[in-house]
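Read left to right, the sequence shown gives residues 1 to 135 (full-length UniProt numbering).
Working notes for the structure below.
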Amino acid sequence: MTHLLDTKAVLDLLALPAGTTTNLPADAIVHISVITQVEHNYGIASAVDAQTSLARPVVLQQVLGTWKPLPIDGAVASVFLGIARGALLAGQKPRNRMNDLMIAATAVSRRWTLVTGDETLVRAVEAITPVVTLR
Numbered sequence: 001m002t003h004l005l006d007t008k009a010v011l012d013l014l015a016l017p018a019g020t021t022t023n024l025p026a027d028a029i030v031h032i033s034v035i036t037q038v039e040h041n042y043g044i045a046s047a048v049d050a051q052t053s054l055a056r057p058v059v060l061q062q063v064l065g066t067w068k069p070l071p072i073d074g075a076v077a078s079v080f081l082g083i084a085r086g087a088l089l090a091g092q093k094p095r096n097r098m099n100d101l102m103i104a105a106t107a108v109s110r111r112w113t114l115v116t117g118d119e120t121l122v123r124a125v126e127a128i129t130p131v132v133t134l135r
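Structure representation (structure tokens):
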């Protein structure tokens, strides 16, 4: 079974101590969206101190060394309409959640399970795509 990690799930996975079990099946095929790479790049650009400026590129390299980012394509753009509607129906403002919703649209367009630790995102998309949390 194939899974797509959102950015929060990526960070949560990287922070887990070795040997920690998760809800991901042992044989899961796992991917990330290019949106996660974009969010990490923004984090590097917006670092406010030297320590953070040095640490964030290391995290990005770890992410890119572990997973290959998938592009946003026409199929994702087409699915985004339903994802945005789901967020609206859940009382959310899609404009404020654009990155999360594009990652969810990527999972939906490929019929993959979305992995997130963001309960707000779960409420927005659980009727449209399978969603699991890491723990």
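The C-beta atom is built at its ideal place from N, Cα and C for all residues, glycine as well.
When the options are compared against residue i, the one with the closest alpha-carbon
i: Q37; options: L89, A50, L64; result: L64
i: L4; options: V48, L60, P71, A47; result: P71
i: F80; options: V115, R110, A105; result: A105
i: T113; options: L134, L16, S46, N99; result: L134
i: D27; options: Q61, T2, P94, T116; result: T2
i: T120; options: S53, P57, P94, P17; result: P94
i: V30; options: T66, S53, T20; result: T66
i: L14; options: S109, Q61, A84; result: Q61
i: L11; options: T21, G19, E39; result: E39
i: S78; options: V58, L88, M102, G117; result: M102
i: M98; options: R111, R110, G82; result: G82
Contact under 8 angstroms by Cβ, residue i with residue j
i: G91; j: V125; result: no
i: V115; j: V122; result: no
i: A50; j: R56; result: no
i: G117; j: A18; result: no
i: S109; j: A75; result: yes
i: D73; j: D6; result: no
Residues bridged to residue i [DSSP beta-bridge criterion]
i: T2; result: I29
Neighbour-count burial assignment, residue i, 16 or more Cβ in a 10 Å radius
i: A107; result: buried
i: V58; result: exposed
i: K68; result: exposed
i: T129; result: buried
i: A45; result: exposed
Q) What alpha helix (DSSP H) runs, 4 residues minimum, are completely inside the UniProt domain "PIN" (4-124)? A) If we require 4 residues or more, the alpha helix (DSSP H) runs fully inside the UniProt domain "PIN" (4-124) come out as 7-15, 34-45, 50-66, 74-89, 98-110.
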